[in-house]
Amino acid sequence: MQLTDLVIYKTYAELRRDIASAYLGMLWWVLEPLLYMGAFYLIFALGIRSGGENFVSFLLCGLVPWKWFASTLMPACSSVLAHRGLIQQVYIPKAVLPLIPVAVNTVKFLLVLVLLLALLLALGHQPSLAWLYILPVALTQLYFILGCSLILAAVVPFVVDVRTLVNHGLMMLMFASGIFFDIQQFSPDVREFLYLNPMISIIESYRNVLLNSSQPDWTHLANVSGVSTVLCLLGLFLFRKFDRYYPKVMS
8 MQLTDLVIYK TYAELRRDIA SAYLGMLWWV LEPLLYMGAF YLIFALGIRS
58 GGENFVSFLL CGLVPWKWFA STLMPACSSV LAHRGLIQQV YIPKAVLPLI
108 PVAVNTVKFL LVLVLLLALL LALGHQPSLA WLYILPVALT QLYFILGCSL
158 ILAAVVPFVV DVRTLVNHGL MMLMFASGIF FDIQQFSPDV REFLYLNPMI
208 SIIESYRNVL LNSSQPDWTH LANVSGVSTV LCLLGLFLFR KFDRYYPKVM
258 S
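Letter by letter, the sequence shown follows residues 8 to 258 of this note's numbering.
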């Protein structure tokens, strides 16, 4: 219970700090992703309109979940290092520390998701009961984010350069995750290879639900959940194995 209280308190503190550190406060949680999406729209609207007639909606449904993923992984990498003072003063299970950036960015994502739904309505998309399938899709993505965060947070204190690799890796992965292209345009063999990237399945699931008012591909979501389970177990194993070494490494 005390660990839960710690995560909740630290999450609340991080959100409050974000609000207090900027003149516009909470508005930046909405303005930042809007500017982010607007920049990519201008770039790709002037180039290849890979999403077809509904390019704006297509692009938004890819960028919003990607922003959640990328915005969480970078602070998650440093979550153990960021609490080195606390770790050296009192014992806490280190695996709870990545939960803080995951929780912070999930709160922000939920606000942006509401904005996305409003934009889709403004763009002429009709609301549907199928939109309720967004819940299992988002939970699947949250599980995947958690798995990635645990592994990265466990490793970075020993190999700090991993943060730089993640930063550049995310940039490359963004262009390979189906944000700017429709995976269905490729042959089955190519699609099978692309689906090795879990974010492909996640982003496609958002589009199926929000743009096509259909169910997500449950097989793909199950595959992502399987990968996420392996990542979570591996991350927890690493934290347990190296638990006593963290204070020494960061001293």
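Every residue gets a Cβ at the ideal spot worked out from N, C-alpha and C, and that includes glycine.
Going by Cα to Cα distance, which pick from V163, I107, P223 is closest to F249?
-> Out of V163, I107, P223, V163 has the C-alpha closest to the C-alpha of F249.
DSSP state of V163 mapped onto helix, strand, coil = In the three-state reduction of the DSSP assignment, V163 falls in the coil class, being assigned neither a helical nor a strand state.
Between T226, I210, N230, C84, which lies nearest to N174 when the distance is taken from Cα to Cα?
-> Of the candidates T226, I210, N230, C84, the one whose C-alpha sits nearest the C-alpha of N174 is C84.
Would you mind stating whether V111 and L22 have Cβ atoms separated by less than 8 Å?
-> A contact, by the Cβ cut-off of 8 Å.
Please check the pair P223 and N215, which I expect to be a contact at CB under 8 Å, by giving their CB distance rounded to whole angstroms.
-> Yes, they are in contact, since the Cβ atoms of P223 and N215 sit about 5 Å apart, within 8 Å.
Using the C-alpha atoms, what's the distance from Q133 back to V169?
-> Pairing V169 with Q133, the inter-Cα distance amounts to about 43 Å.
Drop a sphere of 10 angstroms on the beta-carbon of F187, count the other beta-carbons inside from all chains shown, and report buried for 16 or more, exposed for fewer.
-> Per the 10 Å Cβ criterion, buried.
With contact counted as at least three CB pairs below 8 Å, one residue from each stretch, are the region 239–257 and the region 147–160 in contact?
-> Verdict: yes, contact present.
Between T236 and Y150, what straight-line distance do the alpha-carbon atoms span, to the nearest angstrom?
-> One C-alpha to the other measures close to 8 Å.
So the alpha helix (DSSP H) V237 belongs to, where does it begin and stop?
-> Going by DSSP, V237 is part of the alpha helix (DSSP H) stretching over 225–248.
Using CA coordinates, which residue listed in F193, L80, L88, S184 is at the minimum distance from S212?
-> For the residues F193, L80, L88, S184, the minimum Cα distance to S212 belongs to S184.
Enumerate in chain order the residues of its own chain whose CB-to-CB distance from Y43 is below 8 Å, with the five nearest sequence positions on each side excluded.
-> Excluding sequence neighbours, Y43 sits near L70, K74.
Sequence-distant residues of its chain with Cβ nearer than 8 Å to S135 (five each side left out) = Apart from the 5 residues on each side of it in sequence, S135 sits with its Cβ closer than 8 Å to the Cβ of S220 in its chain, given in chain order.
Can you say whether A129 is buried or exposed, counting buried as having 16 or more other CB atoms within 10 angstroms of its CB?
-> Burial check for A129: the Cβ neighbour count within 10 Å stays below 16, so the residue is exposed.
Which residues mark the beginning and the end of the alpha helix (DSSP H) in which M257 is found?
-> Note, M257: premise wrong, no alpha helix (DSSP H); not H, not E.
Out of R247, A46, L106, I209, point me to the one whose CA is closest to M81's CA.
-> If we check each option's Cα against that of M81, L106 comes out closest.
L172 versus S86 - alpha carbon distance = Using only the alpha carbons, I get a separation of about 16 Å.
Is S232 near T147, with beta carbons less than 8 Å apart?
-> Their beta carbons are under 8 Å apart, which means S232 touches T147 by this criterion.
Q222 in three-state terms, based on DSSP = Q222: coil per DSSP, three-state reduction.
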